[in-house]
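Undergrad: Supplied in C-alpha cells, the structure appears directly below.
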Amino acid sequence: MEAFIDDWGLTLVTFIPLVGALVMMAIPRVNESMHKAVALGTTLVAAVLGVLLLANFDYGAAGDLQFVVDKSWIDVINSRYIVGLDGMSLPLLLLTLGVVPLCIIYSFAHFPEPHNPKTFLTLILVLETGMLGSFIAQDLILFFVFFEVVLLPMFFLIGVWGGDDRRYASLKFFLYTLFGSALMLISFLALFFLADGTVAESAAATVNTFDMRALSTGATSVIGRSAQLWIFGGMFIGFGVKVPMFPFHTWLPDAHTQAPTVGSVILAAVLLKLGTYGFVRIAIPFLPEAAAAWAPIIGLLAVIGIIYGALGCLAQQDMKRLIAFSSVAHMGFVMLGISTLTDFGINAAVFGMVAHGLITGMLFFVAGSMKDRYHTLDMNRLGGLLLQGPKMGWILAFAAMASLGLPGLAGFWGEFPAILAAYNPAEILSAGLWRGYMVVAALGTVLAAGYLLWMVQKTAFGTPTEEFENDPHIHDVTAFEWIAWTPFLILIVVFGFYPNLIFDLTDPAVIKSLKVEGLNGTAADCLEMAKSAGEACFADLRSALGSGN
Amino acid sequence: MISLVSFVGLFAEAFNRPPIDWHALAPEITLLVVGALVTLLDVVLLEKGRAITPAIAGLGLLAVLVPIVTLAVDGVASNPRMAFGGSEVYVVDGYSLVLKALFIIIAYLVVLMSTNYIAEGDYWESEYYGMLLSSVLGMLVMASARDLITVFVALELLSIPAYLLATWRKRDLKSNEAGLKYYLNGVFASALMLYGMSLLFGVSGSTILVEINAAIGEAAASTAIISLGIVLVIVGFAFKVSAVPFHLWAPDTYEGSPTPITAFLAVGAKAAGFVALMNLIFVGFWSRSDVYSPALWILAALTMTIGNLTALRQNNLIRLMAYSGVAQAGFMLAALTVAGESAEIAQTSASAVVTYLIIYAAMNLGAFAIILAVTRRTASAEVAAFDGLFQWAPALAVLMTVFLVSLAGIPPLGGWYAKFSVFTALLEANVWWAYVLAGLAAINTVIAFGYYGRLASRMWFEKAPDSLDTTSLRVPFALQAAIAITAVATIAFGVYPAAVTHFSDIDVPAAAAALVP
Amino acid sequence: MYLVQFLLLSAVLFCIGVYGVLVRRNAVLVLMSIELILNAVNINLVAFGAFNRDVGAAIPGEVFALFIIAVAAAEVGVGLAMVLTIYRNRKSIDLHQVDLLKG
Amino acid sequence: MHAFLAAEGPSAAIQAGGWFLENVWIIPAIMACSFAIILFFGKRMPKGGSEIGIAAVLACFVLSLLTGAQWISEVNRADNCVAVEISEGKYECESHEGAGEQASAFGEVLGAAEEESEGAYGAGLKAVVSERTWWSNGGVNFTIGTMADGLTVTLLAVVTLVSSLVHIYSTDYVAGDRRFTHYFAFLSLFTAAMLFFVTSANTLQMIVGWELVGVCSFALIGHWWEDQANSDAALKAFLTNRVGDMGLLIGMIVLFFASGETWSIIDINKLAIDHTTSHTLLLISALCLLTAVMSKSGQFFLHTWLPDAMAGPTPVSALIHAATMVVAGIYLVARLYGVFFEGLSIAGSSINALALIGGITTLVGASLAFVQDDIKKVLAYSTISQLGYMALALGVGAWTAAIFHLFTHAFFKALLFLGAGSVSHAVHSFNMKTDMGGMRKFMPTTYKTFLIGSIALAGLPPLAGFWSKDEILVGTGGWGFFEGKPHSNGAYTVMLIMGMITAAMTAAYMTRVIYLTFYGEFRGGHHDDDHGHADAHDAHHGDPHESGPRILWPLRILAFLAVTVGFLNLPPGFLGLPKGLTERFGHYVEPSSAAKYFPKINHADPSWSLAIFSTIVVLSAVAAAYWYYFVKVNRQSPAATELVNGPTSRSSVLKAGHTLLKNRYYLDHIYDSGKPVPAVGAGIVASLFGLAAGSALGFTLDNGLNQAFLPSLTWGLSLGTVVFGIVGLALSTGVGVASFVKKPLAWATNWTHENLLDATVDQVGVRSVQAAEAVYKHIDQGVIDTAVNSAGAGSSGAGGELRRLASGKVQQYGTIMFAGATLLAGLMIIII
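Residue numbers (our numbering), protein chains in the order written: chain R, 50 to 598; chain V, 666 to 1182; chain W, -14 to 88; chain S, 61 to 892.
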C-alpha cells in the first residue's frame, strides 16, 4: 500500500477527477442525480487519496520532495513527467482537494441558470485536475500545461453560468491570463536554453532541462545577470496577472462579480494561489539574484495593492465586487511577504494563501447564497440579514472578522507575519524601504476592518428593507450550505488557533527553496548578505561556473 | 558555340538512364495508379460510379501508406534514398516520408469530409476525387523534390487540380470567383517565382538545390541577383502558404470553394507550400541566411499580426478560419527565420515546422469538419449560425471548442505544443531579433484568443436563434469518423506530445545536413 | 552577343507582363500577360543556360524552359476553362466585376 | 554598595512555582469552553445558557482566588529566605535558618535602610512562565504560554469577580431579550479573551487577546444592532481600536526585532532594562504602543468611541467599558513597563508623552462628564478621566499606584454602572434630566450603593478611591516642590496639578449626578418607546420600583468592596501601623526588580499635607456643586435640573464653553459624519500618527543609528510635551476654576471636541471615501481598465481597417502581392 501510494498517489489524485469528467461525459444529460453522484464521488475519492498522502507524508523531511515520480514525457525537449510533493505544495494540494467537493455539494442546491449540471460539474472536475496538477508538477512544461488547463473550465464557468456581463468578464479573464502565461512560457524556455542542468548535483545530468528540482538548485546560476532580470520579468508578469497584483488586477473584480458562486469560490480559494505559488516555487528559487533586484518593485506593487484594493472596496455598492477587491488587498499581503525573500515572509505568504482561500471562499459562498435569496447584492438594498437568516448573518460576520485579520482566526497568520517579515527583509534588500512598506501595510489592516465591517453593517445589521421585509424566499442556511460551509468555518478557527499545522509543513520547504546552491553543493547564502556583498556573491557564483556575463 | 562533340556527349548522357529506385518511388506510383483508376472509372461507369469512387479514393489513399511504411521500416530515416541515381534531385528520407504520410492522411480526411458533401451535390463525382488525388500526388512529389524543376512541376501538379476543385460548383458565381481568384493570383505568383528561379539558375548554373546552395554561398556571386532571386522564390511560396501580404486570395477562395476543398487548401496546400519552403531554405538557400532570415522575419511578423487582427473582425466563419490560418502560417514562418543560425537550430527549426504542420492539420481539419457538420443544419457559415450550438449539439460544441482552443494554443490541447515548439526554436537561437519575434508571437497568441474565444463563447453563452431547428443533429458516419480522428489526435498530441515528436523530430533534409559543419 | 542583352529583353517582357496582369480588365488579356512573364523566364533560362554552360555539362536551363512551356500550356488551358465558365454565368469577363467575395 | 542594593530591594530572585500558577491557562480555557457550549447548546438549556456562563465564571473566580493565594504564599516564602545562587543566573531559596542568619547580618549592616524597603532581606520572586510551541517559522519556534505574577493574579481576580457579578446581574437585566443566549455566549467569550490577554506570556499572545476583546466589545456594543445607531457605535469602537492596533502591531514588531527576535514579555523587559535594546527603538515602540493604549483605554484623542459604546447593554458597559477591557491598555503599559520606563525616560524627568496624554485625558474626560444628560455617558466620560489618571500614574512612574487605582476603580466604577443600570431598569431611560429625579425614594438600595460608589470615585477618605488617587498624586513627585522632599521618579508637577483639578471636577460632577438622579422630584413617567430600548423588560409602567435581588446583590457586594479595598494598600507608616499591614497590595503585586523584568523604580514618600490638601479640594468641589444643585436649583423648583438664570446664560464665555462641552469638543464630528466613514476617518488620523512613527522608525532604524539624531529627537519630544503641558495647564486651570463657578468652561472643551477634532476626523473620513471613489472611477475603471479595454478595441479596430485590404478585386490582390514582393526584394538588396 505504501509503495503504491508512493508511486501512484500523486498521479491518481490528480487524474481521478479527469476520469470522473470523462465518465460523466458518457452519461446522458437528463440523468442529473447520476451526474451529481459521480462528480461528488470522484472528488471525494480524490480527497480520500489526499488524506492518504497526508498520512504517508514524511513530516521530518517536509523540505524534500516526496512521492516523486519521474517518467519520460516529451523526450525531444527533455521535458519529463515529474511530480512530487513537499511542505510547500501539500497545504495547497489539500486545500484544493477539500474545496472542490464542498463546492460541488454546495452547487447541488444552487445550480445557476442555465442549469445543466452535467457540463457544470464536468468543468469543475477538469478544473480540479488542472489545479492539483499545478501544485505537484516538478517540470516546468508540465506545470505550464496544468496551469493553462485551469483557464478553460473557468472561462466557461464564468461565461455560461455567470451574471449579466459574463461574456466580457470571461473573455477579459482569459485574455489577461493568457497574456501573462505566454510571457511566462517564453521565460521558461529561456531558462531551458540558458541554464545548465549539470550544475545542480541532484538532477539528471542534462544541460538543457525543465526539471524544477535542478533549476531551483543552482542550474540557473550560469545565467548572466541581465538575462536573469529579463527572465524574471516574464515570470513576474505571468504570475503577477494571476495573483493578481496591481496593476494587473482589473480582470479580477469583473471575473468575480460575474462568476457563479462556486466559480468565485474556486477562483478565490485556489486559482489566485497559482500565481503566488508560482512565485514561491518557481520565480524566486530559480532566480534569487533577479528576485533580489525585482523585490522592491514587487513590494511596492504589493503595498499599492493593499491600499488600492481597500480603497476600491470602499467605493463599491456591490457586495461581491467588494469582496473581489478585498482579494486584491489580501493578495497584496501575500506578495509583501514574498517580496521580503526571507523564509519568514514566504512562510507567511503560503499561510496567507491558504487562509485567504478559506476565508474569501467563505465570503463568496455567503454572498452567493444571499444573491440566491435576495437576487441582488446591492448593499443599499440589503440589510437585516441577521433578522431574516441569523445563522447566515453570523457566518458572514465571522468570515468578515477572519478576513480582516482577527487574531485567533486564520487570516491573522497570513497577515501579521507578512507585516512582521517586512520589518526585516533579506539582508540584500533595503530594510528601510520595507519598513516603509510595513507601515503602509499596517494602515491597510485598518482599512480592511473599515470596509469589511461596513459591509457587514450594511447587509447583516439593521432591519430588512421594505422590499425584502416579507419575502418568503429569504430563509436561513440550508442543509447543503451547512455541509459545504462547516469545514471552512472549522478550518478557519483551527488554523487560527494552531497555525503550526501549516507553518510546520512549509518551513523546511521554504528554507530549502531559498538556499542558493553552488557547484558541488556548496551553499552560498547570497540573499543574506548586504547589498554589495550579496551581488558580489552572486557574481562569484556565476564566474565559478564559467560564465561571467 | 556548342560543339558537335559536346552535343553527342549530351545525347549519350541523356540516354544513359540512371538507375531508378522503384521502392523509393512506390508511394507516388501507387497514388498515380489509384488516381488513374478513379478517373478511368469515371469514364467507364459514368453515373454508376458515384457510389464507389469515394471508397476507392479513400482506400487507395490508405494503400499508399503501405509503401510509406515499408520505406520507414527499411530505415530510410537514417539512410536516405536517392530515387534517380546518386544525384540529390529526388530524395526519400525520414523528413519527406513523414510529410508524405501527413499529406496522405490529410487527403484521406478530406475524402471523409467530402463523401456526403459531394454525393449530395449535383456534380460529377469521380472527377472530383481524381483531381484531388492528382493534387495530392503533387504534394508527395514536393516532399521529395530537391531540384528547381521538380519543385516547379510538383507545385503545378498540386495547384492546377486545386484551381479546378475550387471552381467545382461551376454554376455558383461564388465558386467561379473563388477559383478565378485563386488561379490568377496563383499563376502570377508562380510566374514571379519562376523569374526568381531563373535568376538563381543564372547565378549558380544549376537547378539542383544542393549545388545552388554551394554556389550562392560563395562570396563571389552577385549579391543583388541572389537576393532578388531568393526573395522572388520565397514570395512564390509565401503566396501558397498565404503569408501577408500575399494572403488576400485566401479568404475569398476559402469562402467560395466547396468546404472540403477549403479544408484541403487550408491544410494540404498550405503544408505543401511549407514543405517547398523548407526544401528550398534547408537545402537550397541555407548558406544565405542573411537574405532569407530578415525576409522571413518580416513576413512572419506581418503574417501573425495582420492575420490575427483581421480575423478579429470577421463575421463569416470560413473567412475567420482563413485569417486564422494566415496567422498560424505566421507562426510557422517564425520558426523558419532562425533556420540559418546553426545546424542544431536548423534541426529544431525544421522539427518545429513539421510538428506544427502535423498538429495544425489535425486541429484545423477538425474545425472544418465540424463546420461542415453544423452547416448541414444551419446552411450558413456566418458566425451567428453557431450561436447556442451547445444547446442543440453539445458534442459538436464541445469538440469545436477543443479545436478552437487548440488553435489558440491553450494546453493541454495539441496547439500548445505546436506554438511551444516554435518558441523553442526561436529561443534556442538566442539572438535578439528572435526574442522580439517570440514576444510578438506571445502577444499574438493573446489576440488570437480574442476571436477563437469569441466564437467559443457564442456557442456556449448565446441562445440559438428561434428559427433554427434545434432537434438533435445526425452527423454522417464519414464525417463522424473525420471528427473523431482529428479530435483524438488533437487531444493526444497535446497531452502526450511525444506522439508527434516521435515523427516530427526528423533530421534536417539530407542535403543541408551534409553541409552542417 | 552578350548575356545582358537577353536579360534586358527578358526584364522588359517581364515588366510588360506584370503591367498587363495588374492593369488589364479583360481576363483573356490577363492570361496572355502571364504568358509574357513566363516567356521572360524562359528567355532568362535559356540565355543563362547557354552562356554558363561548360562543355559536356547537362542542359538544365533548356530543359527547365521546356517544362515551363508545357506546364504553361496546361495552365492556360485551365485558365481559359475558368474564364469560359465565368462568361457563361456572368456574360462578362471583366475582372473588376468579379468581386462578390470580399472583406 | 550594600546600602544601595538594600534600598532597591532584594538583589536576587527565586523562581516561584505552584500548581495554580503554572496551570493558570485553565482559567481562560474554562471560559472558552463555556462560550462554545453556550453557543452550540445554550438555546436548548432551561436558562438559555446563562447557567453555564455563571457556573464557569464562578469557577474561574475561585481558581483566580486560589492562584492569587498561591502567589501570596510564594511571595511570603521569598520574603523569609535569602536567594542563593545555585548555578549561573539561577537562585534558590536557602533554608530558613541560614537565611535568617544572613538576613540579620544584613540588617545590622544596613540599619536605617531597612525601614525603607520590604526586601531588606528576602528574595525577589520570578514570574511563573509555562510555555509550549505554538508555531514555527523561518526555523524559529514561537511559543504560547502563560505568565503568572502579582499583576496577573490581580487582573485575574478583578476580571473574574466583576464578570461573575455582571453575569448574575445580567440574568435579570437582559431577561427576555431575544438574543439572551447570544449575549451570554459573548460574555463568556469576552471573559475568556480578557483572561487570555492578562495571562499572556508573550507579546504576540497579547496582540491576540487584545484583538479578541475588541471583537467581543464590538459584538456586545452592537447587541441591539437593529438600530443603526448601535451598529454605528460598534463599528466606531472597533475601527478606532483598529487604528490603535496598527500602532500595536508596529510597536510589537519593532520590539520583537529590537530585542533580538523574541516575543517573551520577560525577555523584552529584561533587555530594555539592562539597556541592551537600543533606546531609539524603545522610544519608537513605546510611542507606537501608546497609540494602541490611546485607542483601547480611551485616551485623548482616540477616546470618542467609548461614550458611544454605551449603546451596549449596561452590564456590558460595566464589565467591558469600565472595569476590564478598557484597562487593557493600562495593563499593557504595566506589563511592558521596562519598555515604557526606559523608552520614555520616565525616571528623573518632569514630563513625557504617556503622562501628558494621561493628564490631558483625565481633564478632558472630567470636563465632558459635566454636561452629559445621559447618566451612562457621565460615567463613560468619568471612566475616560479615570483611565487618564492611571495612564498618568504610569507615566510618572507610580506603577503600583496605577495598578491599585485600576483595581479600586474596577469595583467602584462597575458599581456605578450597575447602579445606573438598576435605575434605568426602573425608568427605562438613561436621561437624568427628563426621566429621573428623586429616585432615592423608589430605590433606596440602589441609591445607597450608588452614593458609596460616587464617594469612592470622588476620592473622599476612607473609601477605596481616596487611597489609590492619593498614591497617584504622591507618585507624581510634584508635591515635592512644596515640601522639598521628593523621593519619586521625577518632578511631575504639571501632572499633579492636572490630577488635582480632575479630582475636584470629579467630585463636582458626581454630586451633580447624585442630585439629578436621586434628589429633586421624579420627572419620569412620560415613558415613550424610543427610550428604554435598553431593557427588553417590559415594565410596569407607573412608579419606578426597586430592582430585584439579582441586581441588588451585585451592587451590595461591589459597594462593600468599594469601601474596603482601599485598605489593601495603606501608605507605609500610616498611623504607625506595622509594615505587615501597609502597602500589602504593592508588596504582592509589584514585581521585584530582582526578577530582572521590572525596572527599578522609586516609591514616593506619602505626604499628609498632600492628602489633606486634596481632600479639601474635593470637599470644596462637592460643596460648590452641592450649593448649586441641592440649594439653588432645588430652591428654584424640585423638578428643575438647571438654573434658569444660570451662569451660562449670563456669560457668553461660559455659554460658549458649555456648547463646546456639549458637543464633546467636536471630536466625534470629525470621526463620524458618514456612517462607515467614522472608522475610516479615525483610521486615517491614526495612520497619520502611525506614519509619523513609522517614518521616524524607518530612517532611524535602518542600519546604524544616527547618534546625533537621538538627542535631538528626545529634545524635540520634550519640547513638544512642555508646550502641550503649558497649553494643557492653562486650559485645565481655566476649566478647573470655572467648574467651581458652574458648568464653566466645560463648554469650551466640548466645542473644541465637536467642532475641531470630531469635524476634522469626519472630514477625513468623508474625503477618504470620496478619494476611494475617485480612485476607483478614474484610475481603476478610468485608466487601467480603459487602457486594457482600448487595447482590445484598438486591435479590433485595426482588424476592421485591415479588412478593407480584401476589397474583392483580384487585380488589387495582385498589385499588393507584387508591391510586397518588390518592397521585400528591394529591402533585401539594400540591406545586404
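Note that the Cβ used here is the ideal one computed from N, Cα and C, for glycine as well.
Remember, it's a predicted structure, so these values are computed and weren't measured experimentally.
Which word fits V200(S), buried or exposed, when buried means at least 16 other C-beta atoms lie within 10 angstroms of its C-beta?
TA: The residue given as residue 200(S) occupies position 140 in the fourth sequence. Exposed.
Undergrad: Would you say R192(S) faces chain R, with C-beta separation under 8 angstroms as the test?
TA: As a first step, residue 192(S) is located in the fourth sequence; it is residue number 132 there, counting from the start. Chain R, which has no Cβ nearer than 8 angstroms to the Cβ of R192(S), makes this no.
Undergrad: To the nearest angstrom, how far is it from the Cα of P88(S) to the Cα of A115(S)?
TA: Locating residue 88(S) in the fourth sequence gives position 28, counting from the first residue. Locating residue 115(S) in the fourth sequence gives position 55, counting from the first residue. One C-alpha to the other measures close to 14 angstroms.
Undergrad: Please work out which residues of its chain come closer than 6 angstroms, Cβ to Cβ, to G545(R), disregarding the five sequence neighbours upstream and downstream, and give them in chain order.
TA: On the first sequence, residue 545(R) is found 496 positions in, with the first residue counted as 1. Correct list, in chain order: G457, L458, A459.
Undergrad: Count the other CB atoms, across all protein chains shown, that sit within 10 Å of the CB of L224(R); report buried if there are 16 or more and exposed otherwise.
TA: Your numbering for residue 224(R) matches position 175 in the first sequence. Burial call: buried.
Undergrad: I believe V399(R) touches M137(R) by the beta-carbon criterion, under 8 angstroms. Please report the beta-carbon distance rounded to the nearest angstrom.
TA: Taking the first sequence and counting its residues from 1, the one referred to as residue 399(R) is at position 350. Taking the first sequence and counting its residues from 1, the one referred to as residue 137(R) is at position 88. Their Cβ separation, rounded to whole angstroms, is 6 angstroms, which keeps V399(R) and M137(R) in contact under 8 angstroms.
Undergrad: Mind reading off the beta-carbon distance from T258(R) to F241(R)? Whole number of angstroms is fine, and I expect it under 8 angstroms.
TA: Counted from its first residue, the first sequence places residue 258(R) at position 209. Counted from its first residue, the first sequence places residue 241(R) at position 192. Indeed they touch by this definition, with Cβ atoms about 7 angstroms apart.
Undergrad: Taking only beta-carbon atoms, is I1075(V) less than 8 angstroms away from chain R?
TA: Mapped onto the second sequence, residue 1075(V) falls at position 410. Cβ-Cβ to chain R under 8 angstroms: yes for I1075(V).
Undergrad: Give me, in chain order, the residues of the same chain whose beta-carbon lies closer than 6 angstroms to that of A35(W); leave out the 5 immediate sequence neighbours on both sides.
TA: Taking the first residue of the third sequence as position 1, residue 35(W) is located at position 50. Here the set comprises nothing.
Undergrad: So, L23(W) versus A57(W), is the Cβ gap smaller than 8 angstroms?
TA: The residue given as residue 23(W) occupies position 38 in the third sequence. The residue given as residue 57(W) occupies position 72 in the third sequence. The answer is yes: Cβ separation under 8 angstroms.
Undergrad: According to DSSP, simplified to helix, strand and coil, what is A407(S)?
TA: Locating residue 407(S) in the fourth sequence gives position 347, counting from the first residue. In the structure shown, A407(S) sits in coil (DSSP, three-state: anything other than H, G, I, E or B).
Undergrad: Between the C-alpha atoms of A607(R) and V188(S), what's the straight-line distance to the nearest angstrom?
TA: Nothing can be reported for residue 607(R), as the shown portion of chain R is limited to 50 through 598.
Undergrad: Quick one, are the C-beta atoms of A931(V) and G1031(V) less than 8 angstroms apart?
TA: As a first step, residue 931(V) is located in the second sequence; it is residue number 266 there, counting from the start. As a first step, residue 1031(V) is located in the second sequence; it is residue number 366 there, counting from the start. Not closer than 8 angstroms, so no.
Undergrad: Who are the Cβ neighbours of L466(S) in its own chain at under 6 angstroms, not counting the five residues just before and after it?
TA: Translated into the one-based positions of the fourth sequence, residue 466(S) becomes position 406. Contacts found: V387, I390, M450.
Undergrad: Taking buried to mean at least 16 other C-beta atoms within 10 Å of its own C-beta, is I890(S) buried or exposed?
TA: Here the question's residue 890(S) lines up with position 830 in the fourth sequence. Label assigned to I890(S): exposed.
Undergrad: Would I1148(V) and G1079(V) be called neighbours here (beta carbons separated by less than 8 angstroms)?
TA: One-based indexing of the second sequence puts residue 1148(V) at position 483. One-based indexing of the second sequence puts residue 1079(V) at position 414. No, the Cβ-Cβ distance between I1148(V) and G1079(V) is not below 8 angstroms.
Undergrad: For the pair the region 169 to 176 of chain R and the region 83 to 91 of chain R, tell me if three or more CB-CB distances fall below 8 angstroms.
TA: Flag = yes, the region 169 to 176 of chain R and the region 83 to 91 of chain R touch.
Undergrad: Which two residues bound the contiguous beta strand (DSSP E) that contains V117(R)?
TA: Translated into the one-based positions of the first sequence, residue 117(R) becomes position 68. Start and end: 115 to 123.
Undergrad: So A808(V) packs on V816(V), CB below 8 angstroms; how close in whole Å?
TA: Here residue 808(V) corresponds to residue number 143 of the second sequence, with the count starting at 1. Here residue 816(V) corresponds to residue number 151 of the second sequence, with the count starting at 1. No, A808(V) and V816(V) are not in contact; Cβ-Cβ is about 11 angstroms, not under 8 angstroms.
Undergrad: Can you tell me whether D188(R) is buried or exposed, with buried defined as 16 or more other CB within 10 angstroms of its CB?
TA: On the first sequence, residue 188(R) is found 139 positions in, with the first residue counted as 1. Label assigned to D188(R): buried.
Undergrad: Would you say the region -2 to 10 of chain W touches the region 1110 to 1128 of chain V, given that touching needs at least three Cβ pairs under 8 angstroms?
TA: No: the two stretches stay apart, fewer than three of their Cβ pairs being nearer than 8 angstroms.
Undergrad: Do the region 155 to 167 of chain R and the region 309 to 325 of chain R make contact, defined as three or more Cβ pairs closer than 8 angstroms?
TA: At 8 angstroms Cβ cutoff, the stretches touch.
Undergrad: Report buried or exposed for F587(R), applying the criterion of at least 16 other Cβ atoms within 10 angstroms of its Cβ.
TA: The sequence position of residue 587(R) within the first sequence is 538, counting from 1. Answer is buried; the Cβ neighbour count reaches 16.
Undergrad: Just tell me which of D213(R), V175(R), L61(R), M487(R) has its CA closest to the CA of F1126(V).
TA: Reading the second sequence from its first residue, position 461 is the one you call residue 1126(V). Taking only the C-alpha atoms, the option nearest F1126(V) is D213(R).
Undergrad: Please list, in chain order, the residues of the region 208 to 233 of chain R that have any C-beta partner in chain V closer than 7 angstroms.
TA: Answer in chain order: G208, V209, R215, R216, S219, L220, F223, L224, L227, F228, A231, L232.
Undergrad: Examine chain V for any beta-carbon lying closer than 8 angstroms to the beta-carbon of K76(W), and answer yes or no.
TA: Counting from one through the third sequence, the residue named residue 76(W) turns up at place 91. No, K76(W) does not count as interfacial toward chain V.
Undergrad: What three-state label does DSSP hand V386(S) in the structure shown?
TA: Counted from its first residue, the fourth sequence places residue 386(S) at position 326. Reduced to three states, the DSSP call for V386(S) is helix.
Undergrad: Looking at the secondary structure, which residues open and close the beta strand (DSSP E) in which M207(S) lies?
TA: The residue labelled residue 207(S) in the question sits at position 147 within the fourth sequence. M207(S) -> beta strand (DSSP E) spans 200 to 208.
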